[in-house]
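Residue numbers (my numbering), protein chains in the order written: chain A, 3 to 301; chain B, 553 to 750.
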């Protein structure tokens, strides 16, 4: 094609010629768009059974790929992202449903793809109609540990989302990256997780302690430090004695990540932050800026 | 995470299909736990496909995340009767993986809208499977029965993410020949799989 931006109309013979490449995803973008436009036309909805015939082979390829296990932290990332997406849409259910149509074309099942190509989408068939889904809706849900982490992230990650809404995109991205790092720790077997919170949302965030006693913090809504002042992280075990973990400074974006090691790994330890006049504090300066109790993830 | 040279298990039982559809219903209602269920069921297949295509662990993670978010946001678009939930989901994974490696190739022409994620996640077309209950041995056998050039064309397209034009260029073959190899190769595989499943 000499003009890649121009979408030409395909004939039915051309569509049949391109059918194999189409179902394999091997068409260039402009050819794929032309193909979708042709198939989306009502007059062609039943004219190309060869598409479904060839496409029916595609699922077989998935059966012969070598097995590779995903990393443990991926699940937490996905759940956190879904929770953030849900919250960003005001807790609304997933994609808005188009009205069901009895005349939905037999071949095309992906309106979003057609929308992307700029062609008029066929009406999708709701799965099932919204009324039926409402009746079937399950009220109780299993409170797995990941779901709890996801719920935490409605606080934690969406804190980043709020930052984004405040036009502080850089801070939001930094915070979300920090949270991802904490989630990698949280996903490890035997880890402890703590939700950090302070007065009025100050110092909100998440921390995770792995089974070797390494801790990762992701914190937001901290007042910037100035001069030699630092935020000091503390761990308080069952003896009630605060043990300093180290200090860090905070810039204008109010976010911070912090790592330390050598923590006790018993459930119930308290993680806390204080603002100190300088590094090296051995006793905390009150008030506590933010704190949380680290506990094992429920099974 | 070393790829193991062993086939992925194939479960296309009606019970699994029913559980998958139930999970998708709950996802469409915004239930996070249902997404977790679906992830637990297909995480290995999804990641294996993504890794096979991208050959990059980080990129494969991004692909799988995009795919499950796509399922999360578009569960209501799933159409019963045009492929199982598993096929639908893994098609999204394949679609996103191909997009990902094409983006990595600077000369590839992609629609501008594809750069907007995740709100503009697109879904691939999905078709009913040629047969239920296929296993890896059947699929390998069907592939082995193809001519070398047909098999090469299919693998370069499905696993390599190459367009027909790129395949023609790489193999030094006229474009029309590549089109024919893909179409005839798929038809031959379909016939083999139909026979194998009976």
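Glycine included, each C-beta is placed from N, C-alpha and C at the ideal position. This one's a predicted model, so the numbers in the text were calculated from it and none came from an experiment.
Buried or exposed by the 16-neighbour rule on C-beta atoms within 10 Å, applied to residue i
i, result
"residue 88/A", "buried"
"residue 637/B", "buried"
"residue 607/B", "exposed"
"residue 733/B", "buried"
"residue 742/B", "buried"
"residue 698/B", "buried"
"residue 228/A", "exposed"
"residue 293/A", "buried"
"residue 288/A", "exposed"
"residue 113/A", "Low local confidence applies: a pLDDT of 31 at residue 113/A is under 50, so the model's placement there is unreliable, with the coordinate-based value given in what follows. Buried."
"residue 110/A", "Residue placement at residue 110/A is flagged as unreliable, the pLDDT there being 29, under the threshold of 50; a coordinate-derived value is accordingly withheld."
"residue 184/A", "buried"
"residue 45/A", "exposed"
"residue 72/A", "buried"
"residue 220/A", "buried"
"residue 566/B", "exposed"
"residue 727/B", "exposed"
"residue 685/B", "exposed"
"residue 179/A", "exposed"
"residue 195/A", "buried"
"residue 715/B", "buried"
"residue 635/B", "buried"
"residue 291/A", "buried"
"residue 176/A", "buried"
"residue 639/B", "buried"
Boundaries (first-last residue) of the beta strand (DSSP E) holding residue i
i, result
"residue 198/A", "194-198"
"residue 54/A", "Counting along the chain, residue 54/A falls outside any beta strand (DSSP E), though it belongs to the alpha helix (DSSP H) covering 51-57."
"residue 208/A", "207-211"
"residue 604/B", "Residue 604/B -> not in any beta strand (DSSP E); alpha helix (DSSP H) instead, spanning 584-606."
"residue 260/A", "258-262"
"residue 219/A", "217-221"
Beta bridge counterpart(s) of residue i as assigned by DSSP
i, result
"residue 248/A", "235/A"
"residue 293/A", "199/A and 274/A"
"residue 298/A", "194/A"
"residue 184/A", "DSSP, once it has assigned bridges, lists no residue as partnering residue 184/A."
Residue range of the alpha helix (DSSP H) that includes residue i
i, result
"residue 21/A", "14-25"
"residue 580/B", "566-580"
"residue 749/B", "727-749"
"residue 688/B", "688-696"
"residue 644/B", "637-656"
"residue 63/A", "60-63"
"residue 77/A", "75-90"
"residue 625/B", "609-626"
"residue 629/B", "Segment: none, residue 629/B is in no alpha helix (DSSP H) and carries neither H nor E."
"residue 708/B", "700-710"
"residue 723/B", "716-723"
"residue 283/A", "Taken as a continuous stretch (DSSP letters only), residue 283/A belongs to no alpha helix (DSSP H), as it is neither H nor E."
"residue 302/A", "Summary: the structure shown does not reach residue 302/A, with chain A confined to residues 3 through 301, and so no result is reported for it."
Any non-hydrogen atom of the ligand NAP within 6 Å of residue i CB
i, result
"residue 23/A", "No copy of the ligand NAP appears in this structure; indeed no ligand is present at all."
Contacts that residue i makes with chain E (C-beta to C-beta distance below 9 Å)
i, result
"residue 600/B", "This model lacks chain E altogether, as its protein chains are A and B."
7 Å Cβ cutoff met for residue i and residue j
i, j, result
"residue 237/A", "residue 245/A", "yes"
"residue 710/B", "residue 26/A", "yes"
"residue 748/B", "residue 690/B", "yes"
"residue 21/A", "residue 66/A", "no"
"residue 188/A", "residue 210/A", "yes"
"residue 61/A", "residue 681/B", "yes"
"residue 86/A", "residue 584/B", "no"
"residue 266/A", "residue 235/A", "no"
"residue 250/A", "residue 262/A", "no"
"residue 575/B", "residue 611/B", "no"
> What residues in the region 37-69 of chain A have a beta carbon less than 9 Å from any beta carbon of chain B?
Replying inline: 38, 41, 52, 53, 54, 55, 56, 57, 58, 59, 60, 61, 62, 63, 64, 65, 66, 67, 68 and 69
> According to a CB-to-CB cut-off of less than 9 Å, which residues of the region 21-32 of chain A neighbour chain B?
Replying inline: 21, 22, 23, 24, 25, 26, 27, 28, 29, 30, 31 and 32
> Between the region 735-748 of chain B and chain A, which residues of the former have CB atoms less than 8 Å from a CB of the latter, in chain order?
Replying inline: Taking 8 Å as the cut-off between beta carbons, the residues of the region 735-748 of chain B near chain A are 735, 736, 737, 738, 739, 741, 742 and 745, in sequence order.
> Between the region 581-611 of chain B and chain A, which residues of the former have a C-beta closer than 9 Å to a C-beta of the latter?
Replying inline: 581, 582, 583, 584, 585, 586, 587, 588, 589, 591, 592, 595, 596, 597, 598, 599, 600, 601, 602, 603, 604, 605 and 609
> Taking any Cβ of chain A, which residues in the region 624-650 of chain B have a Cβ under 9 Å from it, in chain order?
Replying inline: 624, 625, 626, 627, 628, 629, 630, 631, 632, 633, 634, 635, 636, 638, 639, 640, 642, 643, 645, 646, 647 and 650
> In chain order, what residues of the region 74-87 of chain A put their CB closer than 8 Å to some CB of chain B?
Replying inline: Cβ contacts with chain B: 76, 77, 79, 80, 81, 83, 84, 85 and 87.
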